[in-house]
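Only one structure is covered here, and it is reproduced in the block below.
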Amino acid sequence: MRPVGGGQWMVGTVHMLVGLVVGFVGEGGAQDVASCRFNSMCLCKAVAEPIDKGVRYPHDNSPHHLRDVSCYQVPFSKFPELPHGHIPHVDVMGCDLEAVDNEALGGTQVDALRLFNNKLLTIGEKAFTTMNNVLRALDLGSNELQEIPIQALLSLKKLDWLNLQRNHISTILEIDWGHLKNSLANLLIAENDIEELPSVALTEFRHLTLISLNNNKLRLVRPGLLPTSLKTLGLSHNSLTTFPAEAIDQLKDLQKVFLRGNYIEALPSHSFTRLKKLDKLDLGENALESLPSSIFSESLVVRDLNLDFNAIQNISANAFRGMHCERIQLSINKIKYVDEKAFAGLENSLGVLYMENNNLKEIPKALTHLKRLKSLYISSNKIREIREDAFDGFSSVLKAISLAGNHLLEIPKLALKNCKRISHFNIGYNQITDVTDADFEGWGESLETLILRNNRIVHLHPHMFKHTPRLRELSLSFNRISDAPPDTFLDVANTLELVEISFGLYQEEFPEDLLKPLAALIWLDLDNNNIRAISKTALYNFGQLQYFNMDMNKLTYLPEGLFHANVHRNLRDIRLSYNYINSIESDTFYALEKVQTVSLAGNNIQEIKSQSFKNLPNLVKVVLIDNRIHTIRRHAFFDLPSLVQLDLQDNDLVELSLNIFENVTSFNLPMVLNVSKNQISDLYPSDTNTPMYVNTLDMSRNLIGEVPTTFLQTFSESIRILHLGYNRINRLETTAFGELGLLEVLTLEHNSIVTLRKRAFSGLHKLQILDLSHNHIEQLQMEQFKTLENLRIVSLAFNHIRSLPRDAFQKTRLEKIDLSNNEFVGMPSNSLGEVGFTLRHLDISYNHIEHLDSTMFSEMPFLTSLNLNHNKLTILPDNVFSRLSGLLKLNIASNPLRANFKELFHYVQKLRYLNLAETGLRQAPILPLPNLIQLNLSANFIRDVPAAAFEGLQGLRHLIFSKNKLQSAPSQAWIHTPLLKILDLSVNPIKMLTKESFIGLERLQELDVSDLPRLERFDSDTMSGMRHLFHLSIQTWPSIERYRFRLGSTLSTMPSLRHLQVKIYEAVLTDQLVGAFNPKLTTIDISGYNLKHIDGKAFIGIEDNSELVLRIHDTQIEDLPPGLYTKLSKIINLSLDLRNNKFTSLSYTALYTNTTRWEDVGTKLISGGLKLAGNPWECECGLVWAGHWLRRWLREPKQIQLLSVEAGRQLVEEAREATCRDPRTRSSRPLLHLTPEDLRCQASALSSAAATVSCTLLRLSLFLALLPHGW
């Protein structure tokens, strides 16, 4: 149970890089991490050279010294120029790379190369030739490859590990795999589009031990197709309907098999030819309904068997005989009956058993025969009583048991009387009202972890834990504790290390007397209570305390000396966010030698006094976001050499003086300082001009009127990223930023810049990324960027530029430029030609360009992406793109084009993405582009599609035909697009859709047939051939007679469907969708401007889903249907999205039948969250529950206390999106912070309400009575 801590260019990257630097520094050892010389935004780890008296770190980044190169989320349009020679490990991840050319890696030799999570479309055939004899691991996962780049791989002689996951590969080639047949041991090719395995290719791999084919489209795995050397086989989330017993039978060395998420309905009686021994067999998320006797006829031994998320109701006698399982997972089924001999044969082997979330009413008697059961998890069933002998069979070995989420009224002490070795006991989410020392007598002597959360406990008792002398971790959250005597914990004073009481204390003062004895306390969670005061000495007994969390209480001040240097020598993490603290006094955080994080977000802090944060040598992060800070006194942050992150955004600062810092930061640990979203207009350097080491400075969204040149010089030795967007800067003078020799990223978007001096950016010679978008720039100067020799990415979008000086980008390394939304009338070819060798991305959309010819691109031959969208192009010469043979993406949409498209694209045969939307087309053009992946023909006037139109598009995966004049689906063309995955036919005057409309589209995964207002016929078998359809956007058609078309019936034959998006055209949703909810559907999206009401029977069948996002949005709905709870309560992982409707109020009874049910499950009923933004909510007493619900949701299923500060704040911001209007002030306020006392909602007041609303208010009174006072 022990918890563990856990426009804006590159912000996320910076936090990651800072974290890496801190991590590397902490590691120590003979390695040095620094910015790489070839690109300072990458990190290089060097190996130290031995010298006589220690080590010396080389700083030349030469390959002789480099150990690791990491370029993480550094935007690249071309592969970075790595140093030649041997580098063991290179990561270029999340960098948006589209291609790896033949010469990209030059003379670099790499052992492990990770190109994960880019946008790779092509890899040159000779890209890895310099590494033929050294490359052992290659990661190409999460890219956009359409096929295995086999030609680039064939010559690799040592490759052992190859990752091709999450691409768009449709087939494993039946070819000779060259040296890979002898070297490859691990092949990961999951999350692709493979439908069948090759007959021979895989069997030729002599040493392949692991193959992951998860998340593909396999329907059958025939014997003889897999290499016999396999030890691990991943086939999860495919379309298998039967267990591939014969194929597995042939794999004699197999140890692990993953078949999760298929459609297997029964396990075979197949007997393997020889006894098969598996370490793990995962059959979760299938369609198994029962477990017959003797699975696999006793020919299979499985150490770890997973059968969760099935529909198993009964377990027969001898079901597992001969399997010798040590661990069985049976959770989240429908198990009602377990034969007493169900586990026969496992008496002396089964050690761990999961039976959570089933329909059991008692502990199965079958368990009494298990002699070695050490861990039993049987939570979330319907158990009310536990037999006295329930655990007798394994009482002497049982160490962990969970009975949470049942209907128990007391701790089953009689059943536990002989279980003297239990160390972990979870009995949370029951209905226990009282716990005494007697409940643990005789069995609690080994107990270390006790979870009592979410019961009905009101009173704690003296010496309550005297029979649990080893107790270390205790959770009492979500109870109603109002009486806690000071000697409650006396008997565990020296052992109890973790106490968690969130949403559980009914008192307004810190429970000092209760907690005082706990001298061993390390972790204290008291968040989300109603604590208003804490004494100076409240924490003085906790010398071992490391984590202190009192978020979301009602504290208004922190007493002087609360955190004491002589006591809290081990304190590391202090969380006091979302209280009502109004100031931070001097020495509040003083001399706490190990404190690393202080979080005070969301308070009412207005002033930070001098030396509030003082002498904290290990303080890394201070979070003061979302307060009302207007004053920070001199030296408020004093002697904090390790501070790397200070968040002051969303406050009321009008000035920022560096005098607030003294001895803060260090050269090796530069800080990320965020003061965005304030009202800062004045900036002052420190009086002493002492250098400050700041890596990233975010001053965006303030009132800054000019570049603060002098102020910025303070950071000249460290600053790499500077955000000045959304200010009031109107001009950039010569050397506007002074000498910032390390600056890499500069953003100035959304200012009022009109004038740029010629040398405005002088002094920024390492600048790589520059954002000047959304200003009023009319022209650039000659040699405007000449001094920026490392400049790679520039945005000048949304200005008023008409032309570019020829030498504007001279001597830069420009890779990507955005000139969109300006006033160009001609292509600035001369200027861009100066950087033609490096330029890869050009966006000049939304301008006034009327003419193009081939000479305009003659000096830009390496362009891979060209966006000419929304210009005034008409006639395009046939050879206009003749110099762009490497072009991968072309957008010429929203131009009134006249061209011979067949000839126009003759020279761009590598093209992958083509946008011809809104170009005036009246017929689908013939496009001989065999490598094209995506074609957008939307918003044209196309009525007919000749069969020949798509003859040259064999590789097409994504076709957008929306907003045309089609009267029928162009089915005659589908024969030429066998790989099509995504098809959009929306907003067309189509009259009829039948099975023939989509014949030939067997691989289709996403289909949009919404907004078809003239449809007259939709046959029930229209989509029956789409066996892999994953995402469907559709509508209802009230005009079609119901006996001809029922949407639910049509969708009932589509078991592959995961995401259903439906626009309802009727005013009432009744049974239109009944039958559509297959058990694996994960998203239901309902919209419709006419929709006003949802009938209680609309969601019949939805209760069989185990994971679901139910989204109802953009309708006229004002309330939820009655009986919705009965459908939703059975869904294990539910998210409910009700944004943008017409709700003004919402009773908790819409989601919970009564207060008892609320007490039983809390927010776990909707564990994925409740989204309520965009509704006209009124801040009234009936909505108070929603605020409490949101706060509890953050704590309960999301466990915000275990998240990093950043991740926690992001969750809070999501929860704060929903607001209500206060009728008194007419202002809006987040529902998250709505409390009864804010609206003066007291049960006594409610009881005298008018008779017309007495019933509603009575229910509300009962609910409010369950909340801690003030919540």
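If you're matching positions, the sequence shown starts at 7 in my numbering and goes up one per residue. Virtual Cβ for every residue (Gly too), placed ideally from N, Cα, C.
The stretch 1036-1072 contains, as complete beta strand (DSSP E) runs of 3+ residues, the segments 1037-1041 and 1065-1069 (chain order). Between alanine 191 and threonine 215, the gap from beta carbon to beta carbon is short of 9 Å. With distances taken between CA atoms, proline 94 lies nearest to His71 out of Phe82, His71 and Leu103. The closest CA to that of isoleucine 823, considering only Ser860, Thr870, Leu858 and His854, is found on Thr870. Taking 4 residues as the shortest admissible run, the stretch 825-901 contains the following complete alpha helix (DSSP H) segments, listed from N- to C-terminal end: 835-839. A buried status is given to arginine 798, since no fewer than 16 other beta-carbon atoms sit within 10 Å of its beta-carbon. Apart from sequence neighbours up to five positions away, the residues of its chain that approach leucine 241 with a beta-carbon distance below 8 Å are Leu219, Asn220, Leu224, Val227, Pro250, Val263, Phe264, Leu265 and Asn268, ordered along the chain.
Close CB contacts of histidine 467 within its chain, under the 6 Å cut and outside five residues either way in sequence, are with Thr442 (chain order). In its chain, beyond the 5 residues on either side, Ser385, Ser386 and Tyr435 have a beta carbon closer than 6 Å to the beta carbon of glycine 411. If you draw a 10 Å sphere on the C-beta of isoleucine 981, you find fewer than 16 other C-beta atoms in it, and that means exposed. Counted as a single uninterrupted DSSP element, the stretch harbouring tyrosine 732 is not any beta strand (DSSP E), since DSSP gives it neither H nor E.
By the Cβ test, the stretch 86-103 is not in contact with the stretch 848-855, since fewer than three Cβ pairs between them sit closer than 8 Å. The beta carbon of glutamate 755 lies closer than 8 Å to those of Gly13, Gly731, Tyr732, Asp777, Leu778, Ser779, His780, Asn781 and Ser801 in the same chain, with the five residues before and after it left out. Secondary structure note for histidine 92: it is in no alpha helix (DSSP H), and the uninterrupted beta strand (DSSP E) holding it is 91-99. Burial is judged here by how many other beta carbons sit within 10 angstroms of a residue's own beta carbon; methionine 329 has at least 16 and is buried.
Per DSSP, threonine 702 is one residue of the beta strand (DSSP E) stretching across 700-704. Per the Cβ contact rule, the stretch 931-944 is not in contact with the stretch 131-138 (fewer than 3 Cβ pairs under 8 Å). Residue range 643-646 is occupied by the beta strand (DSSP E) that includes aspartate 645. Spatial neighbours of lysine 600 in its own chain (CB-CB distance under 7 Å, excluding positions within 5 residues in sequence) are listed in chain order as Arg575, Asn576, Leu577, Arg578 and Asn624.
The Cβ atoms of arginine 726 and glycine 711 lie no closer than 9 Å to each other. The alpha-carbon separation between aspartate 1091 and leucine 1114 amounts to approximately 10 Å. Between lysine 895 and leucine 872, the gap from beta carbon to beta carbon is short of 9 Å. For glutamine 1216, the enclosing alpha helix (DSSP H) stretches over residues 1211-1221. If you draw a straight line from the Cα of arginine 707 to the Cα of aspartate 1125, it comes to about 38 Å. Just so you know, the alpha carbons of isoleucine 392 and glutamine 335 end up roughly 21 Å apart. In the same chain as tryptophan 167, and ignoring 5 residues on each side of it, the C-beta atoms closer than 6 Å to its own belong to Ala143 and Asn192, in chain order.
A direct Cα-to-Cα measurement between glutamine 655 and aspartate 632 gives close to 7 Å.
In the three-state reduction of the DSSP assignment, alanine 348 falls in the coil class, being assigned neither a helical nor a strand state.
Under the 10 Å beta carbon count, glutamate 506 is surrounded by 16 or more other beta carbons and is classified as buried.
For secondary structure counted as the beta strand (DSSP E) over 3 or more consecutive residues, the stretch 917-992 holds these complete runs in sequence order: 919-921, 940-942, 964-966 and 988-990. Out of Ala814, Leu838, Ser809 and Arg737, the CA that lies nearest to the CA of glutamate 829 is found in Ser809. DSSP places lysine 132 outside both helix and strand once states are collapsed to three, so it counts as coil. Assignment of beta-bridge partners to asparagine 292 by DSSP yields no partner. For arginine 1117, the secondary structure class from DSSP, reduced to helix, strand or coil, is strand. Under the 8 Å Cβ criterion, the stretch 874-884 does not count as touching the stretch 110-125, having fewer than three qualifying pairs.
Look at the beta carbons and you see the stretch 423-430 not touching the stretch 1181-1188: under three pairs across the two are nearer than 8 Å.
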